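Reading the sequence shown from the start, the letters are residues 0 to 190 in numbering that gives the first Met the number 0.
To keep things clear, I will list the structure first and then write my remarks on it.
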Amino acid sequence: MTLVALLRHGPTEWNAARRLQGRHDLPLSSAGRAAVASRRLPVTYRTWPVHVSPLKRARETAALLGLTDAVVAPGLTEMHWGDYEGRTVSELRETIAGFVEAEGRGLDFHPPGGESPREVRARVGHWLENDVTGEGVIGVTHKGVIRAAISLAFDWDMTGKAPAKLDWSRLHVFQFNGGILRPYALNTALE
Numbered sequence: 000m001t002l003v004a005l006l007r008h009g010p011t012e013w014n015a016a017r018r019l020q021g022r023h024d025l026p027l028s029s030a031g032r033a034a035v036a037s038r039r040l041p042v043t044y045r046t047w048p049v050h051v052s053p054l055k056r057a058r059e060t061a062a063l064l065g066l067t068d069a070v071v072a073p074g075l076t077e078m079h080w081g082d083y084e085g086r087t088v089s090e091l092r093e094t095i096a097g098f099v100e101a102e103g104r105g106l107d108f109h110p111p112g113g114e115s116p117r118e119v120r121a122r123v124g125h126w127l128e129n130d131v132t133g134e135g136v137i138g139v140t141h142k143g144v145i146r147a148a149i150s151l152a153f154d155w156d157m158t159g160k161a162p163a164k165l166d167w168s169r170l171h172v173f174q175f176n177g178g179i180l181r182p183y184a185l186n187t188a189l190e
């Protein structure tokens, strides 16, 4: 069994504006840098190897936490929101006919020019199967990737309410064993 601790990157200006970032490679905002720099991983997790999304906001978060030997893991890249990147969900609901119905497809929601949550979930599963070994691994990543992990751990089809309420500033720890992901310690506070 391996423990997998996932942490979302710190805030960006687009997070504050509630814009979908997806693959846009934005840095942390000044407030985001200050928030991350004031925190540390709990002692239990500090010796674990670190994997990080290739996007700037995740790499910057890892560096500010002192996780300097992080391995870049493409499997931890945020969901590609395609044509919807840079827009807010509210704006999309107001301006795109059928958007609300498309959201209801859960895992099979597919933004034009982007990828579906099902594709993100498959990518996360591939990362788990091929790159995660040992006692534990830290993954500095994105909300969409952590939601994909929740989908795998709870067999959630991403329709309706999420099976667990997550604090996006905390560490979410899962057990990975024999190809199966299960929740272990969600919402673990950073120091």
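Don't be surprised by glycine CBs; every beta carbon is placed ideally from N, CA and C.
All values reported here derive from a predicted model rather than from experimental measurement.
Among the options, the one whose alpha carbon lies nearest that of residue i
i       : options                               : result
Thr-158 : Gly-133, Gly-105, Val-144 and Ala-184 : Gly-105
Ala-152 : Gly-135, Gly-178 and Lys-142          : Gly-178
Glu-190 : Pro-26, Leu-27 and Arg-45             : Arg-45
Arg-58  : Trp-80, Pro-110 and Leu-75            : Leu-75
Ser-29  : Arg-56, Thr-140 and Val-3             : Arg-56
Asn-176 : Thr-94, Thr-87 and Glu-134            : Glu-134
Trp-167 : Thr-140, Asp-68 and Glu-90            : Thr-140
Pro-53  : Thr-43, His-23, Trp-80 and Arg-38     : His-23
Leu-66  : Val-3, Trp-47, Val-99 and Trp-80      : Trp-47
Continuous beta strand (DSSP E) stretch holding residue i: start and end
i       : result
Gly-74  : Element bounds for Gly-74: n/a, residue is neither H nor E.
Leu-6   : 1-7
Val-136 : 135-140
Residue i in three-state terms, based on DSSP
i       : result
His-50  : strand
Ala-16  : coil
Arg-117 : helix
Arg-86  : coil
Phe-153 : helix
Phe-227 : Since the first residue of the chain shown is 0 and the last is 190, residue 227 is not available in this structure.
Gly-143 : helix
Lys-55  : helix
Cβ neighbours of residue i in the same chain (closer than 6 Å, five flanking residues each side left out)
i       : result
Leu-63  : Val-35 and Ala-36
Leu-180 : Leu-151, Ala-152 and Phe-173
Gly-9   : Leu-27, Gly-31, Ala-34, Val-35 and Thr-60
Pro-162 : Phe-153 and Trp-155
Separation of residue j from residue i, as counted between CA atoms
i       : j       : result
Arg-146 : Asp-154 : 11 Å
Gly-138 : Gly-97  : 35 Å
Close beta carbons around residue i, own chain, < 8 Å, minus the five adjacent residues each side
i      : result
Pro-41 : Leu-170, Thr-187, Ala-188, Leu-189 and Glu-190
Asp-82 : Pro-110, Pro-111, Gly-112 and Gly-113
Residue span of the alpha helix (DSSP H) that contains residue i, given as start and end
i       : result
Leu-185 : No alpha helix (DSSP H) contains Leu-185, which is instead part of the beta strand (DSSP E) from 179-187.
Val-35  : 29-36
Ala-101 : 98-102
Same chain, Cβ closer than 7 Å to residue i, five either side skipped, listed in chain order
i      : result
Gln-20 : Thr-11, Trp-13, Glu-77 and Glu-84
Ala-15 : Ser-28
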